[in-house]
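Visitor: Input: one structure, supplied below.
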Amino acid sequence: MVLADALLPIAEADIRNTYLCSPRLGIDDTRTGFSLQLLERTSDGAKVICLVFFQTDTGEPILDQHLERWLCNNKKLFSQPGRSRVAYRVRFYIRGNFQRKGFAHYISIQEEQLFKRWGATEIQTTAMDDGRWVWTREKFGYRIPVADFQLLQQRYVEWQRELGRSEVRRADSLADFPKEFLLSAVNSFPLFKGL
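Mapping the sequence shown onto my numbering, position 193 (from 1) lands on 175, and the numbers just tick up by one.
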C-alpha cells in the first residue's frame, strides 16, 4: 500500500489545507509545515501519522510539540463492537501565550470535517494533562467508554473519601466531574466522539 491509497478518498493536499489558518489567529501559513508517514501493518491496520507545526510571522512556534494525528483504517471502536476507520488525536500542546485565542477550536472544527471526508467512524483521544478537563466539557462532544466511566467514578468516590468529605457524591456524566479531581487524581482516560 502507498500513502495515497491509505488516504483515499482524500489526498495529501486536503490535509495540508486543513491546517491553513486564518491570519487573525496570528499564524503565518507559509511557515506551517507537516509530514505524513505510512505504517502499513499495525494492530490498527494501516496507519497514517500526521505531524504539523505552526509558527507566527516572526518564526515563534505556536505549539510546544508538533500536533500529531493518526488516521487508522482498522482500529477498534469505543462506541460499538467492531473495527473501522478512526482518527486519533495524539498531541496538541498550545504554548501559553497562544491559548484562549480560538486556535484549538478552529483546528478541531477543520479536522472533524477532514476526518468525516476520509470516512472515519470515530475520533478517539487519550485525555491527559489539561485535556483531562478541557476535552470533558460538553461543547466538545466527547464521551468515555462505559467501563472507563465506571473506573473514573470509583476513583472519584475514593478521592472524596481521601479528602475527608462527609458527603460522597457520584457524577452523572463526564462533565460532572470537578476540575480539581480530574487534574489531580487521574492520570489519563480514553475519550471518543462519533462522526
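Where a beta carbon is used, it is the ideal one built from N, C-alpha and C, also for glycine.
(1) Measure the C-alpha to C-alpha separation of residue 44 and residue 88 and round it to an integer number of angstroms.
(2) Between the C-alpha atoms of residue 109 and residue 39, what's the straight-line distance to the nearest angstrom?
(3) Just the Cα atoms here: how many angstroms apart are residue 53 and residue 158?
(4) Assuming residue 73 contacts residue 50 under a Cβ cut-off of 8 Å, what Cβ separation, rounded to an integer in Å, is found between them?
(5) Quick check on residue 88: does DSSP put it in helix, strand or coil?
(6) Give me the Cβ distance between residue 135 and residue 153, rounded to the nearest whole Å; I'm assuming they're in contact under 8 Å.
(7) Report whether the distance from the Cβ of residue -12 to the nearest heavy atom of the ligand FAD is below 8 Å.
(8) Compare the Cα-Cα distances from residue 155 to each of 36, 123, 14 and report the closest residue.
(9) With a threshold of 16 other CB atoms inside 10 Å of the CB of residue 9, please say whether the residue is buried or exposed.
(10) Taking residue 18 as the reference, give the member of 165, 126, 26, 31 with the closest Cα.
(11) Starting from the C-beta of residue 14, find all residues in its chain whose C-beta is less than 8 Å away, skip the five residues before and the five after it, and write them out in chain order.
(12) Between 163, 24, 101, which lies nearest to residue 114 when the distance is taken from Cα to Cα?
(13) For residue 147, which residues from the same chain have a beta carbon less than 8 Å from its beta carbon, with the 5 sequence-adjacent residues on both sides left out?
(14) Along the alpha helix (DSSP H) that carries residue 113, what are the first and last residues, could you check?
Guide: This is what the structure gives:
(1) Going by the C-alpha atoms only, they are around 14 Å apart.
(2) Between the alpha carbons of residue 109 and residue 39 lies a distance of about 31 Å.
(3) Pairing residue 53 with residue 158, the inter-Cα distance amounts to about 31 Å.
(4) About 4 Å separates the two Cβ atoms, so the contact holds.
(5) Looking at residue 88 - three-state DSSP - the assignment turns out to be helix.
(6) Contact between residue 135 and residue 153 is confirmed by a C-beta separation of about 6 Å, below the 8 Å threshold.
(7) Of the ligands one can find in the structure shown there are none, so the ligand FAD has no counterpart to examine.
(8) When only C-alpha atoms are compared, the closest one is 123.
(9) That one is buried.
(10) Residue 18 has its Cα closest to that of 31, out of 165, 126, 26, 31.
(11) Residues of the same chain with a CB within less than 8 Å of the CB of residue 14, apart from the 5 flanking positions on each side, are 1, 2, 3, 34, 35, 36, 37 in chain order.
(12) Measuring from the Cα of residue 114, the nearest candidate turns out to be 163.
(13) If we look at residue 147 and ignore the five residues flanking it on each side, it has no Cβ neighbours.
(14) Counted as a single uninterrupted DSSP element, the alpha helix (DSSP H) harbouring residue 113 occupies residues 113 to 116.
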